[in-house]
Amino acid sequence: MCGDRSRGASMIGTASASGSEAGFRREYLGTDAGSDPAACHSTIRILGIPGELRYGRVRGDWCAEPAPCNHVDLQMRPDGVELFASLSPAPLRARKNTERKNRLGFIVPSFIIALFFVLAYVEFSSSGYAEFSLYATISTYFWVCLFGTLIPAVTFLSLRRRHAPGVERASALPFISIVIPAFNEERKICQAIDAALKQDYPLFEVIVVDDGSRDFTRFVAECYRVRLIHQRSNQGKFAALNRGIAEARGEIIVTSDSDSMLDPDALKYLAHHFDDPLVGAVAGAIRPMNCRGLVRRLQCIEYVWGQEILKLAQSGSGASVTLCPGPVTAFRRATLDDIGGFKGRTVTEDFDATLDAIAAGWKVIFEPRAKSLTDTPANWAELMRQRQRWSLGALQTFLQHRALLCNRSAGLVSAFWLPWFVFSSYVTLALDLAMVGLILPFVVFGPTAALLAKGAVFGLIIELVVVVQYQIGLVAAGERRPSFYAAAFLMKPLTVLLAWTRLRAVYLTLARRDTAW
1 MCGDRSRGAS MIGTASASGS EAGFRREYLG TDAGSDPAAC HSTIRILGIP GELRYGRVRG
61 DWCAEPAPCN HVDLQMRPDG VELFASLSPA PLRARKNTER KNRLGFIVPS FIIALFFVLA
121 YVEFSSSGYA EFSLYATIST YFWVCLFGTL IPAVTFLSLR RRHAPGVERA SALPFISIVI
181 PAFNEERKIC QAIDAALKQD YPLFEVIVVD DGSRDFTRFV AECYRVRLIH QRSNQGKFAA
241 LNRGIAEARG EIIVTSDSDS MLDPDALKYL AHHFDDPLVG AVAGAIRPMN CRGLVRRLQC
301 IEYVWGQEIL KLAQSGSGAS VTLCPGPVTA FRRATLDDIG GFKGRTVTED FDATLDAIAA
361 GWKVIFEPRA KSLTDTPANW AELMRQRQRW SLGALQTFLQ HRALLCNRSA GLVSAFWLPW
421 FVFSSYVTLA LDLAMVGLIL PFVVFGPTAA LLAKGAVFGL IIELVVVVQY QIGLVAAGER
481 RPSFYAAAFL MKPLTVLLAW TRLRAVYLTL ARRDTAW
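In this text, residue positions in the sequence shown follow the numbering used here: the first is 1, and each later residue adds one.
As structure tokens, then:
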């Protein structure tokens with residue numbers, strides 16, 4: 001973060017308690033009147049807070065939403081304001097009730113899998129039928145992988161060569177507004193704003209929308225020459241984007257995320273595509289900031305496949321791309337007005353808005369030279385939470401736009417690309433579950449030697465098919481690091497692991513559960 005933390009650390013000893021008020025225990029943290037105005041902020045760290053934290057200020061009129069927490073950073077602005085914290089243990093009880101309800105999202109799918117496991121055990125009382133079921137499942141899985149994965153990968157590789165980069169023209173440059181929604185991103189918002197302000201483009205503005213953050217995201221953004229919009233309560237990312245768009249002055253709106261960094265040439269490459277009046281949106285290319293460690297390396301391989309193969313293949317086929325990523329996408333304002341802006345009906349508002357634009361008759365194209373670096377999960381728990389949200393949002397969006405599958409005006413989007421995405425997401429999910437549900441009981445209850453003899457060959461071939469698929473993307477991207485090619489052998493186990501998130505997304509959709517940010 002930008003800012004000097006040393007002063008905040010020195011002030012811990014000067015903080016004094018001032019008694020209780022209306023059931024709250026207030027702790028006065030002092031005044032930081034002598035801090036360097038050039039620094040963003042100082043930090044006071046309080047450890048072991050057992051209840052709810054509310055932020056307040058003596059001068060000014062603001063109060064963030066309460067947040068239950070056990071470890072809090074309080075940051076002092078350099079203009080001499082006074083801060084205090086009010087603590088209350090009451091919200092923890094509500095938090096436990098929420099966590100108890102969320103556990104049902106894991107219990108129900110687990111029960112379904114356990115039931116399937118028991119039924120498979122009953123089937124294995126007849127070994128002949130069990131062997132036939134196993135052989136049929138593995139054979140089906142093999143041919144689906146061959147025709148649904150490897151052959152499309154080779155086809156996509158040929159299509160990507162037909163992608164023609166846009167030609168920069170001498171027409172007047174449009175004014176562009178960069179909108180960055182943020183919620184509790186005090187540690188990352190600095191790099192997002194820094195990157196946005198360093199654009200090699202003459203006509204632009206940066207708008208940061210603080211969506212009711214419970215930390216000091218707002219104060220960090222105030223250190224920059226940007227237009228800051230503060231929403232007193234958390235309303236969701238889609239609402240923050242719409243608020244920023246409503247306040248924007250540009251005829252082109254570029255969205256970026258608070259944990260991402262736009263490349264300095266991003267606006268330049270995005271802008272010239274709007275010389276075509278039919279273009280409603282331009283999607284840029286996203287890259288992970290960090291590829292160190294196995295979890296992030298596997299994600300890097302996924303991003304390479306998605307950017308270097310899938311999106312270039314969509315573009316080369318003459319179809320619109322079906323996903324404009326939040327970290328770097330340019331929308332024509334007329335397009336956003338036409339589709340009614342971003343909507344909160346799904347948790348993946350970028351995917352939803354892209355299909356809205358396609359359904360409205362706008363072209364959505366891909367510009368691989370407009371890049372953005374984005375932060376990726378560093379461990380398995382974070383990755384599963386992120387993919388749970390993506391899986392839920394994708395399913396919600398598919399259901400919202402199911403009519404697009406029969407919309408001839410959408411061209412190849414409805415004729416091939418959306419059906420292929422549904423197939424690759426949910427038909428393979430059923431096959432993954434069938435593989436796990438049949439092979440595990442076979443190992444536990446059935447003749448293991450027969451499994452090794454009849455299933456090992458098919459299993460190795462399936463693994464090699466998936467490895468070749470992802471290594472094609474690495475070669476196409478010019479990736480030379482051996483560790484990436486070695487990690488490609490783990491991509492199939494990763495897809496089977498992530499199948500759990502798609503299964504739970506089906507449950508959450510049926511249960512009509514909502515999530516935010």
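We treat Cβ as the ideally placed atom computed from N, Cα and C, and that holds for glycine.
Between Val179 and Leu241, the C-beta spacing is below 9 Å.
With respect to the 9 Å criterion, Lys363 and Gly280 are classified as neighbours on the basis of their beta carbons.
Counting only runs of at least 3 residues, the region 274-331 fully encloses the following beta strand (DSSP E) elements, listed from N- to C-terminal order: 279-288.
It is roughly 46 Å from the alpha-carbon of Leu197 to the alpha-carbon of Ala430.
Its chain contains Asp338 and Ile339 as the residues whose beta carbon lies nearer than 6 Å to that of Ala360, once the 5 sequence neighbours on both sides are disregarded; these appear in chain order. DSSP places Lys268 in the helix class (H, G or I) of the three-state scheme. Taking every protein chain shown into account, the CB of Asp257 has 16 or more other CB atoms within 10 angstroms, so this residue is buried. Here Asp210 is bridged, per DSSP, to Ala182 and His230.
Counting along the chain, the unbroken beta strand (DSSP E) around Ala370 starts and ends at Lys363 to Thr374. Residue range Ile252 to Thr255 is occupied by the beta strand (DSSP E) that includes Thr255.
For Leu262, no alpha helix (DSSP H) segment is defined; the enclosing uninterrupted segment is the beta strand (DSSP E) at Ser260 to Leu262.
If you draw a 10 Å sphere on the C-beta of Trp380, you find fewer than 16 other C-beta atoms in it, and that means exposed. Judged by pairs of C-beta atoms under 8 Å, the region 467-487 touches the region 287-297, as three or more such pairs exist. Counting C-beta pairs with one atom in each stretch, the region 298-309 and the region 233-250 have fewer than three that are closer than 8 Å, which means they do not touch. In this structure, Val209 sits away from Ala192, with a CB-CB distance that is not shorter than 9 Å.
Pairing Phe421 with Gly244, the inter-Cα distance amounts to about 31 Å. With respect to the 9 Å criterion, Glu205 and Arg333 are not classified as neighbours on the basis of their beta carbons. In the same chain as Val295, and ignoring 5 residues on each side of it, the C-beta atoms closer than 7 Å to its own belong to Pro377, Ala378, Asn379, Trp380 and Leu383, in chain order. Around the Cβ of Arg402, a 10 Å sphere holds fewer than 16 other Cβ atoms; the residue is exposed.
In the three-state scheme derived from DSSP, where H, G and I count as helix and E and B as strand, Glu479 is classed as coil.
Contact between Phe366 and Lys311 holds, with the beta-carbon distance rounding to 5 Å and staying under 8 Å. CA-to-CA, the gap between Ala266 and Pro277 works out to about 20 Å. Taking the C-beta atoms as reference points, Phe156 is found nearer than 9 Å to Ile309. Counted as a single uninterrupted DSSP element, the alpha helix (DSSP H) harbouring Leu510 occupies residues Met491 to Leu510. When secondary structure is reduced to three states using DSSP, Glu205 falls in the strand class.
Between the alpha carbons of Arg480 and Arg249 lies a gap of roughly 44 Å. Under the criterion of beta carbons closer than 8 Å, Ser372 and Gly284 qualify as touching, at roughly 6 Å. Around the beta carbon of Gly326, 16 or more other beta carbons lie within 10 angstroms, which makes this residue buried. Our two residues, Gln299 and Thr374, have alpha carbons roughly 11 Å apart in a direct line. By the neighbour-count definition (other C-beta atoms within 10 Å, threshold 16), Pro174 is a buried residue. By DSSP's assignment, Ile245 forms no beta bridge with any residue.
A Cβ-Cβ separation of about 4 Å places Gln396 in contact with Thr346 under the 8 Å criterion. Ranked by how close their Cα comes to the Cα of Ser213, the residues Ala370, Ile229, Leu203 and Tyr507 have Ile229 in first place. Pairing Glu185 with Thr217 gives a Cβ-Cβ distance under 9 Å. Annotation for Tyr470: Ile301, Trp305, Ala488 and Met491 place their beta carbon closer than 7 Å to its own, counting only its chain and skipping 5 residues before and after. By the Cβ-count criterion, Gly341 is buried, with 16 or more other Cβ atoms from all chains shown falling within 10 Å of its own Cβ.
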